[in-house]
């Protein structure tokens, strides 16, 4: 029964994340630079860092799976990021490099920042 709850939680969270991703990307509009996807992946990295930091010393409940694998998995997007890099490589090498660098740098920083919010509270270090 526990496994079924976790599967349902991932599905429910994933649907919510995917819907929000669609809303953000469609609101950002289509420009020469994929700002919507960049923003989504940075915010998603921050959220996943927070979720992992919060649940690090707790039992992994269906809430963890709904928010982590579900919501963040549905919200963030590796496939769209990859396709946008390919598109940028075909039109502008400098923009492709900026997009790759910004996603990696800001995504990692956001993840560490989110994780750090709860690591300090628990008194542990990375």
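Residue numbers (our numbering): 853 to 978. Quick reminder that beta carbons are idealized off the backbone N, C-alpha and C, glycines included. The structure displayed is predicted, hence computed values, not measured ones.
- A contact between stretches requires three or more CB pairs, one per stretch, nearer than 8 Å, and the region 938 to 956 fails this requirement with the region 900 to 910.
- The DSSP-derived three-state label of residue 948 is helix.
- Ranked by Cα distance from residue 928, the first of 910, 968, 865, 938 is 865.
- At least 7 Å separates the beta-carbon of residue 901 from that of residue 959.
- Per DSSP, residue 930 is one residue of the alpha helix (DSSP H) stretching across 930 to 943.
- In this model, residue 923 and residue 896 are separated by some 9 Å (Cα to Cα).
- Taken atom to atom, the span from the alpha-carbon of residue 961 to that of residue 894 is near 9 Å.
- CA-to-CA, the gap between residue 915 and residue 886 works out to about 31 Å.
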